[in-house]
Amino acid sequence: MSRGRWLGAAALVALAIAPWALARHQLSILTDLLIFGLFALSLDLLMGYTGMVSFGHAAYFGLGAYGSALVLIHFGQPIPVALLAGAVLAGVTAIPVGWFSTRAKDIYFAMLTLAFAQLLYTVAYKWRDLTGGSDGIAGVPKTTLFWGGPSLASGPAFYAVVAVAVVVSLFVCRAIVASPFGRALQAIRENERRFLALGRDPRPFKLAVFVIAAVFAGLAGALFAPFRGFASPEVMFWVLSGQGLMMVITGGIGTLVGPIVGAMVFILIQEILSSYTEHWMIFTGAIFVLMVIFLPGGLVGTARRLAARA
Amino acid sequence: MSLAIVVEQLLNALALAGLLFLVSAGLSLVFGILRVVNFAHGVFYMLGAYFGFSVVATTGWFWPSLLIVPPVVGLVGAMLEASTLRFIYRRPPIYQLLLTFGIALILEESVRVLYGPTAKGVDPPPLLQGAIEIAGTLYPRYRLFLVLLGLAVGATVWLLLTRTRTGLVIRAVAQNSEMADCLGADVARVRTLVFGAACALAGLGGVAAAPMTTAYLGMGISVIVDAFVVVVIGGLGSIPGSMAGSLIVGAAQTWGAFYLPETAMVIMYAVMGAILIFRPWGLFGEEE
Amino acid sequence: MKRRQFLAATVVGGAAAAMGGPVFLRRAYAQNPIKIGLPTVLSGGNAQYGIQAKRACELFAQDIKGKGILGRPVEFIYEDTGADPATAVRKAQKLVEKDGVKFLTGTVLSSEALAVSAKCPEWKVLLMSTINGAGALTAKSYNRYFFRINTSGPMGARAISLYLAESPMKRFFALGSDYAWGRDSVQSFSTQITAAKKEVVGKDYPPVGTKDFASYIGKIKQSKAEGCYLALPGQDATIFLKQAHQFGVTREVKPIMEIVELENMKAVGDAMEGTIGSSRYPFTVDTPKNKAFVQRFFEMHKVYPDMFDGETYEGLEWLAQVITKAGGDDVEKVIEAWEDSKYDGLEGEFFMRKCDHQAVQPGFAVQAVKDPKYPHLIPKILATYPGDKVTPKCRTEDFA
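Protein sequence lines, in the order shown, are assigned to chains A, B and C. Residue numbering for the first sequence is 69 to 378, as defined by this note's numbering. Residue numbering for the second sequence is 56 to 343, as defined by this note's numbering. Residue numbering for the third sequence is 86 to 485, as defined by this note's numbering.
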């Protein structure tokens, strides 16, 4: 694993020097990548470690975005307050949704998460007075680091906040996964019946991880709103949930770092391809299909397997 | 509230149900028999609409498109299944699902390359143009046709599945594919056949929808969630379930849009959620 | 081990180079061009608008070939937003930060324009709307980096309301797509038609992208309206008109559209004959400048210019004049030069108001009629209203 540690350290250094090393536009892309990386990471907790596939994870990203947007636009609070608001909104909503959804299994669980997500999307779409309806909330400002603190309006400043948030989240998730709670989750993924047979109830665990995943997704959304200056129902739409699943698989399910890489690759491929050809979607789809067939472990999963073999 | 309005709304609900049935029957079959959630299903619906447009544009006739297009779309689906999906059945379901997602991307963009980004209008055939007077109101003939088409297709598929030998084999594979394999059924071929047939049904739905909604990019995305709701309510894998589900969703959307526009869709999703919690195999599905 | 690391490094390096690639290529060709970025819609149900913006740019590029603006070539960079405001902001940001664009245009949905416009003060770039109708863009959500060349939704509603004030119809239903422009437009129309002593008997807001209007058509029938005001974008309008025709409703209830588009007329066909409404730019305007434009446009694109072909061309021509007047593409100077300036457009004379950056221009009430000279219905001008009669008071959506 020491090679892994070296790579990790190198990545952290790269993230730290990015504001000086990258052009303005590239830094924006990196910020975007990190935000969606966090989104994918949160989904991996659910998918990779507990074996729960959710079609509605984007809803929590969206809730985070709206929570943060409303706090920033109407109350002008510092960014961390907005982040908290978004994450809490997502987490609190996830409690009843999770409670109901975890009563079902596998494909039915997935469908339930889709149903709830679509419900939330419809509410966001219809509740014009609060959410701006299909127009969304525009002009979300990047405020300050703390009351009376430095402004985060510049690209590098906001990037720093995002990078710190994502790195900290990654470490927290790693800690969760390595803890007894995390091991219980993996036991559930491996064989839920045996878990039950051993006298333990999987449901509280599933609910807990559902809410935790929602909180991190909400954090990602809460970062997104001030970054783009915008929140709309589209960020809750099931297509984003599907893309999240793709990011996790591309990077490597159950690796935590993998989904972050997967998100980056997923978005970068689209950015690069779209500047060469108008029909980049065909190539993205084809690459993805090939990946699913030939590289089920995703990029990181396959890389680790190859490294272990070597 | 006059009789005319009631009748009109009833017919609207039935016509919408007819279309929904055509789309969701295939989705239900693929799930029930292949255990695959086919996210690309909506795109095959779109293919049907666009190919239907091509047939009408080149021949000037609508009726042939009903016969020509579904097999073509089915063939596209079957080829895709045989070249990609076939290899990953043993994997956890998430992989199959994501594969269909990838296929959906490719197909959607291919249609844009072939046909361009603007919508293509299709005129209904002269026989089905115009409206008939029913209960004091004018009702479009084409929508009545949709009602009949939905019923006819539903009956045909159900009969095929329950009364023919092929149908028997298909149902056997659905119940226990290993056993069916031991008993001599060519499981891989059955899977390809079912997938193709499901795509053909979706394609038929597209052909039928085009004169009403035009053929446009993104029509797959807008119809797929409705189809999921139908399939969940009716029961994954059940044709009578798809019919019942289509009627329920069709009615809810029609009357909902008329009387409770703000809450119609919310109610739909709530119903879907309730079924998933309390009776996940749907109204007509089989308990697992 | 070493080989694998080498491969990994190559892939990463290659990806980084590819990301920077197109920029280097562009720099090689550029000779300090004036860049105009279009985060527009090139796919999906509203693609016809992005296509129109693009067509106008192509004709304009041809018209200024060899001369450029202030001797500098003009470069157009197109991005597809898929009619999604979040994507619009992302693409606009890329155009601004990576491509160094100072002028944005071509935003299709008003919701996209609202989102992009909100970022313009931060980016210090100018957004020129040639398509977006929502009144809020020059009212509640106004900022000085936003300029609207086109007739706005309230202006369109105003023009047709002025026309309808004279008509015998008294009862109207109003149907607007459930987003900024649709709702704004219905609101505008209701206010004005009521002020003209007529009645609005029902309003409804189908979601953007509705494919089945049967329920709405039923409501319209039930309301016994004589006319139905429609503010539906592109494809939604096409589908509605077709279905309304199938239900026989268009014979009893006159469709009145805030925008009467050639695209709809081509897609719907004869079923749309007789429809009245407002047009932001009807290609049938009978001035020498417009006739020449229509001819050039037809020669290049083999179709007649639709509303936004015209409006976008006018915007580009005016922008070019203003940049010339400002002596360069410095955004602050261009803003100053543009405010309170006049422009001799295809439809008539334009005046850019300083207070809200709305271009005051003539309003048109038109009717879709058949004309054997053309392969589709065309907008025949029923009435022309001078700019000051159809433009709302500054930064509001209200009329005097």
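Ideal Cβ placement from N, Cα and C applies to all residues, glycine included.
Cβ shell of residue i (< 8 Å), same chain only, five flanking positions each side left out
i: C:PRO253; result: none
i: B:ILE143; result: TYR150, GLN151 and LEU154
i: C:LYS288; result: PHE258, ALA259, LEU260, GLY261, VAL271 and SER275
Residues near residue i in its chain [Cβ-Cβ closer than 6 Å; skip 5 each side]
i: C:SER226; result: LEU199
i: B:VAL202; result: LEU69, ALA70 and GLY73
i: B:VAL128; result: PHE99, LEU102, GLY103, CYS254, ALA255 and GLY258
i: C:GLY241; result: GLU343 and SER363
Residue i - containing beta strand (DSSP E), residue span
i: C:SER363; result: 361-364
i: C:TYR470; result: 463-470
i: C:LEU315; result: 312-316
i: A:VAL316; result: Per DSSP, A:VAL316 belongs to no beta strand (DSSP E); it is in the alpha helix (DSSP H), 306-319.
i: B:THR192; result: 192-195
i: C:GLY287; result: 284-289
i: C:ASP429; result: 427-429
i: B:SER83; result: Element bounds for B:SER83: not the beta strand (DSSP E) but the alpha helix (DSSP H), 58-89.
i: B:LEU130; result: It is not in any beta strand (DSSP E) - B:LEU130 instead sits in the alpha helix (DSSP H) that spans 118-138.
i: C:VAL159; result: 159-165
Proximity test, Cβ basis, 8 Å: residue i and chain C
i: A:GLY297; result: yes
i: A:GLU260; result: no
i: B:ASN67; result: yes
i: B:TYR271; result: yes
i: B:THR268; result: yes
i: A:VAL360; result: no
i: B:GLY176; result: yes
i: B:THR318; result: no
Same chain, Cβ closer than 7 Å to residue i, neighbours up to 5 away in sequence not counted
i: C:GLN137; result: ASP391, PHE393, ASP394 and THR397
i: A:ALA255; result: PHE263
i: C:PRO292; result: ASP263
Closer than 8 Å to chain B by CB, residue i
i: A:TYR176; result: yes
i: A:ALA183; result: yes
i: C:SER246; result: no
i: A:MET315; result: no
i: A:THR190; result: yes
Beta-carbon separation (whole angstroms), residue i vs residue j, contact threshold 8 Å
i: C:GLY191; j: C:GLY167; result: That pair is no contact at about 13 Å.
i: A:ALA246; j: A:PHE273; result: The pair is not a contact, with the Cβ atoms about 15 Å apart (cut-off 8 Å).
i: A:MET332; j: A:GLY105; result: 6 Å
i: C:GLY220; j: C:SER273; result: 7 Å
i: C:LEU211; j: C:LYS183; result: The Cβ separation is near 18 Å, so there is no contact.
Run of the alpha helix (DSSP H) containing residue i, from where it starts to where it stops
i: A:ALA192; result: 174-194
i: B:VAL236; result: Residue identity check: residue 236 of chain B is Asp in the sequence provided, not Val. It spans 232-237 - the alpha helix (DSSP H) in which B:ASP236 sits, taken as one unbroken run.
i: C:GLY261; result: Here C:GLY261 belongs to no alpha helix (DSSP H); instead the beta strand (DSSP E) covers 256-261.
i: C:GLN331; result: 319-331
i: C:THR369; result: Looking at the DSSP string, C:THR369 is not in any alpha helix (DSSP H), and its letter there is neither H nor E.
i: C:ARG175; result: 170-182
i: C:LYS306; result: 299-308
i: C:LYS410; result: 392-411
i: A:TYR344; result: 325-344
i: A:GLN254; result: 248-258
beta-carbon residue i near the ligand NAD non-hydrogen atom, thresh 7 Å
i: A:ALA290; result: No copy of the ligand NAD appears in this structure; indeed no ligand is present at all.
Short CB-CB distance (under 8 Å) between residue i and chain E
i: B:SER277; result: The question asks about chain E, but that chain is absent: this structure's protein chains are A, B and C.
C-beta neighbour in chain A for residue i, strict 8 Å
i: C:THR95; result: The pLDDT assigned to C:THR95 is 47, lower than 50, so where the model puts this residue is not dependable, and the model offers no usable value.
i: B:THR309; result: no
i: C:TYR264; result: yes
i: C:PRO170; result: yes
The segment 202-220 of chain A: which residues have C-beta closer than 7 Å to a C-beta of chain C, in chain order? SER202, ASP203, GLY204, ALA206 and GLY207
Contact residues within the segment 183-199 of chain B, judged by C-beta distance below 9 Å to chain C: GLN184, GLY185, ALA186, THR192, LEU193, TYR194, PRO195, ARG196, TYR197 and ARG198
For the segment 147-173 of chain B, which residues have a CB atom closer than 9 Å to at least one CB atom of chain A, in sequence order? PRO147, PRO148, ILE149, TYR150, GLN151, LEU152, LEU153, LEU154, PHE156, GLY157, ILE158, ALA159, LEU160, ILE161, LEU162, GLU163, GLU164, SER165, ARG167 and VAL168
Residues of the segment 177-194 of chain C in Cβ contact with chain A at a cutoff of 7 Å, in chain order, please. GLN178, LYS179, GLU182 and LYS183
With 8 Å as the limit, tell me which residues of the segment 193-212 of chain C have their beta carbon closer than that to any beta carbon of chain A; keep them in chain order. SER195, SER196, LEU199, ALA200, SER202, ALA203, LYS204 and GLU207
Which of the residues in the segment 77-109 of chain A, read from start to end, lie with their CB under 9 Å from any CB of chain C? ALA91, ARG92, HIS93, GLN94, LEU95, SER96, ILE97 and ASP100
The segment 128-148 of chain B: which residues have C-beta closer than 8 Å to a C-beta of chain A, in chain order? THR139, PHE142, ILE143, ARG146 and PRO148
Anything in the segment 298-309 of chain A with a Cβ closer than 7 Å to a Cβ of chain C? List those residues in chain order, please. PHE298, SER300, GLU302 and VAL303
Return the residues of the segment 333-358 of chain A that lie within a Cβ-Cβ distance of less than 7 Å from chain B, sorted by chain order. HIS347, MET349, ILE350, THR352, GLY353, ALA354, PHE356 and VAL357
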